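In the UniProt record's numbering, the protein residues as written are 1 to 195.
Structure, rendered in structure tokens:
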């Protein structure tokens, strides 16, 4: 009987601790680099992607290579975002654009001097592409991604790929043609009431 009472108390204590600590579980999320875009694009448009950091602690420097389909996209420019700069002076290198292989190699940014790194989430870089090809979607992915803290220790980092839809221009024309045909098929009385 004594062991049953102790066992019940242990269960209650464990349950209470779990409920108290549960809100803090999201604080332990892994640092991530991801890509984001404001919306859809078509052939001829400029696609602007943001390279985002989330859940980072003491980010002092980073580097990555971005891979893309050169039949669909042509890289135009890489610019430094505000997140790392919020920690002080930086050294930024936009990397090497190679549109024949579909890579932007060794984009890097680092704080300068003995300062603490930045923590939280923000935009690391902005990438501009010209949409030159047609497909249901194009994929962007990271490789060689490295992040360092202010002691120059590696930060365990996750990266996520990004898929950009590229709708066919003909799809939009079909929608408009269907709507026009639907209006044209209305009986004459219904059209007269509309006027």
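Glycine residues also receive a C-beta, built at the ideal position from the N, C-alpha and C atoms.
None of these values were measured; they are calculated from a predicted model.
Quiz item: Would residue 52 pass as a contact of residue 141 if the rule is Cβ separation under 9 Å?
Solution: Judged by their CB atoms, residue 52 and residue 141 are not nearer to each other than the 9 Å cut-off.
Quiz item: If you follow the alpha helix (DSSP H) that residue 157 is part of, which residue opens it and which one closes it?
Solution: Where residue 157 is concerned, there is no enclosing alpha helix (DSSP H), given that its DSSP letter is neither H nor E.
Quiz item: Residues in its own chain within less than 6 Å of residue 19 by CB, not counting five upstream and five downstream?
Solution: Here the model assigns residue 19 a pLDDT of 43, short of 50, so the residue's position is not dependable, and the following value carries that caveat. Cβ neighbours of residue 19 beyond the five flanking positions: none.
Practice problem: Flag this pair as touching only if the segment 51 to 65 and the segment 108 to 126 have three or more C-beta atom pairs under 8 Å; answer yes or no. | Solution: Cβ pair count under 8 Å is three or more, so yes.
Practice problem: Look at the alpha carbon of residue 78 and the alpha carbon of residue 152, and state the distance between them as a whole number of angstroms. | Solution: Each residue's alpha carbon lies about 25 Å from the other.
Self-check item: Nonlocal neighbours in the same chain, by C-beta distance under 6 Å from residue 89, ignoring five residues either side
Solution: In its chain, beyond the 5 residues on either side, 112 have a beta carbon closer than 6 Å to the beta carbon of residue 89.
Quiz item: Rounded to a whole number of angstroms, what is the C-alpha to C-alpha distance between residue 156 and residue 32?
Solution: C-alpha separation (whole angstroms): 9 Å.
Exercise. Kindly identify the DSSP beta-bridge partner or partners of residue 209.
Key: One cannot answer for residue 209 here, as it falls past the ends of the chain, which runs 1 to 195.
Quiz item: In whole angstroms, what is the alpha-carbon distance linking residue 49 and residue 81?
Solution: Distance between the alpha carbons of residue 49 and residue 81: 11 Å.
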